[in-house]
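This report refers to the structure that appears directly beneath it.
Numbering (the working numbering), first residue to last: 243 to 675.
Written out as structure tokens, the structure is:
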């Protein structure tokens with residue numbers, strides 16, 4: 243199983259170590275943060291929700307200029323600085339005791355996280371040949387899930403203890419994890435900065451790229467699946483089904499293990515845009531089927547029948563999630579100009595904070611208020627977005643056909659851009675946590 247999770251030896255595996263470090267810290271943080279801010283800091287759930295919404299909205303906007311900074315100044319150094327900034331933001335959570343301080347700290351945290359994700363993708367694009375990027379990202383996604391699972395277990399221990407010191411220890415662990423991440427990133431090969439924009443050229447360029455903006459919007463719609471397991475399904479099980487409550491944890495474990503074991507295998511055939519379009523289209527069909535099965539779990543019947551349907555829906559969801567991830571990684575890279583990878587990935591990555599910001603409100607209203615029709619509507623929306631991705635990608639390809647290879651990413655087999663200390667070999671970037 244280890245060989246399925248880890249990328250090839252060398253710099254990609256070192257980056258996997260950086261991903262593992264910060265994902266372990268994040269896993270513990272995600273489990274404990276809400277209770278820390280309510281029980282220790284004294285904030286209300288409404289204050290926390292509003293603060294996180296504002297923070298991720300700012301972070302999504304900041305991802306584009308921070309990605310452009312990675313292009314201009316070099317993605318390795320920018321990644322290191324943003325990992326250090328994230329560590330400092332998490333450490334500041336140890337000291338805040340007011341809502342104003344919380345807003346400042348959590349906004350800085352979301353900004354650093356979004357910028358770090360874009361800079362890491364630029365690092366990958368600079369040092370990994372185009373045909374290998376999706377495979378490396380699949381390995382890193384598997385490592386991410388393994389780290390989150392381990393971190394969640396550590397966070398569970400802190401929750402069991404339930405003291406202020408236990409919560410503070412979790413925050414300290416997360417801050418230390420990002421310091422380790424920064425140290426590992428610093429050892430990776432340097433990627434030469436991309437050429438700056440021509441004189442008089444408006445920037446950022448990605449904001450004028452309408453086909454890429456449409457692809458990004460469709461990807462954001464597909465990412466509305468993100469809060470399903472963490473929010474919508476637990477509430478659905480509790481309020482609309484007769485399934486046992488412990489199934490919430492079991493479905494989370496099922497999803498985590500499935501991604502660890504099968505993400506690399508599912509991503510392996512996705513090496514070009516045609517394969518990426520197919521993967522996204524199939525993911526829409528699978529997600530629509532998953533939504534239908536989840537909806538059926540609310541029909542009258544025994545608790546075990548509902549549980550069986552929920553497990554079947556979760557299996558389909560995991561499959562659809564992995565196919566959509568593999569396809570979107572390939573699309574996001576292949577349609578970005580080689581000299582603007584950081585900027586474009588910063589824009590493409592806005593789907594994650596959008597899903598974090600809007601997803602909880604949309605899904606709870608759609609599923610808990612509408613019930614079975616809400617699930618069917620969600621499945622139809624995901625299916626429509628997945629099928630619309632094909633024409634949108636072809637539109638973007640057509641707009642790049644006359645601009646040369648650089649407009650579509652680094653062609654297969656092209657020598658990678660490396661700096662003076664590039665002897666350590668290729669490096670992979672990591673998906674945002």
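Ideal Cβ positions, reconstructed from N, Cα and C, are used throughout, including at glycine.
Source: prediction; values computed, not measured.
If you run the structure through DSSP and keep just helix, strand and coil, what is residue i?
| i | result |
| --- | --- |
| residue 485 | coil |
| residue 313 | helix |
| residue 650 | The predicted position of residue 650 is uncertain, since its pLDDT is 36 and thus under 50; a value taken from the coordinates is nonetheless stated next. In the structure shown, residue 650 sits in a helix (DSSP, three-state: H, G or I). |
| residue 451 | coil |
| residue 677 | The chain is shown only over 243 to 675; residue 677 falls outside these bounds and no answer can be derived. |
| residue 287 | helix |
| residue 529 | helix |
| residue 551 | helix |
| residue 407 | helix |
| residue 534 | helix |
| residue 583 | helix |
| residue 336 | coil |
| residue 543 | coil |
| residue 441 | Only weak support is given to the placement of residue 441: the predicted model assigns it a pLDDT of 49, under 50, and the value that follows is read from those uncertain coordinates. Residue 441: coil per DSSP, three-state reduction. |
| residue 578 | coil |
| residue 429 | coil |
| residue 593 | helix |
| residue 303 | helix |
| residue 683 | Only positions 243 to 675 of the chain appear in this structure, which leaves residue 683 out of reach. |
| residue 259 | helix |
| residue 249 | coil |
| residue 254 | helix |
| residue 434 | coil |
Measure the beta-carbon distance from residue i to residue j and round it to whole angstroms, keeping in mind my assumption that it falls under 8 Å.
| i | j | result |
| --- | --- | --- |
| residue 471 | residue 504 | Actually they are not in contact, since the Cβ atoms of residue 471 and residue 504 sit about 16 Å apart, beyond 8 Å. |
| residue 479 | residue 490 | 6 Å |
| residue 394 | residue 267 | Not a contact, Cβ separation roughly 11 Å. |
| residue 387 | residue 501 | 5 Å |
| residue 256 | residue 430 | 6 Å |
| residue 249 | residue 358 | Residue 249 to residue 358, Cβ: 19 Å. No contact. |
| residue 309 | residue 361 | 7 Å |
| residue 473 | residue 602 | 5 Å |
| residue 301 | residue 595 | 5 Å |
| residue 325 | residue 423 | 5 Å |
| residue 484 | residue 391 | Contact flag wrong, Cβ pair sits at about 28 Å. |
| residue 380 | residue 509 | 3 Å |
| residue 314 | residue 435 | 6 Å |
| residue 409 | residue 272 | Their Cβ separation, rounded to whole angstroms, is 13 Å, which puts residue 409 and residue 272 out of contact at 8 Å. |
Under 8 Å between the Cβ atoms of residue i and residue j?
| i | j | result |
| --- | --- | --- |
| residue 351 | residue 322 | no |
| residue 385 | residue 258 | yes |
| residue 522 | residue 566 | yes |
| residue 486 | residue 545 | yes |
| residue 631 | residue 519 | yes |
| residue 512 | residue 559 | no |
| residue 317 | residue 368 | yes |
| residue 347 | residue 335 | yes |
| residue 453 | residue 638 | yes |
| residue 498 | residue 420 | no |
| residue 389 | residue 412 | no |
| residue 374 | residue 282 | no |
| residue 532 | residue 551 | no |
| residue 274 | residue 400 | yes |
| residue 584 | residue 288 | no |
| residue 448 | residue 589 | yes |
| residue 263 | residue 426 | yes |
| residue 587 | residue 580 | no |
| residue 378 | residue 476 | no |
| residue 682 | residue 592 | Here the chain comprises residues numbered 243 to 675, so residue 682 is not present and cannot be evaluated. |
| residue 625 | residue 526 | yes |
| residue 537 | residue 617 | yes |
| residue 622 | residue 530 | yes |
| residue 482 | residue 613 | yes |
| residue 297 | residue 349 | yes |
| residue 608 | residue 620 | yes |
| residue 461 | residue 340 | no |
| residue 555 | residue 528 | no |
Taking Cβ positions only, does residue i come closer than 8 Å to chain B?
| i | result |
| --- | --- |
| residue 497 | The displayed structure is made up of one protein chain only, and chain B is not part of it. |
I'd like the ranges of any beta strand (DSSP E) spanning at least 3 consecutive residues and lying wholly in the region 601-645. none
Entirely enclosed alpha helix (DSSP H) segments - the region 463-522, minimum 4 residues: 475-482 and 489-509
Within the region 333-403, ranges of the alpha helix (DSSP H) (whole runs, at least 4 residues): 341-369 and 375-403
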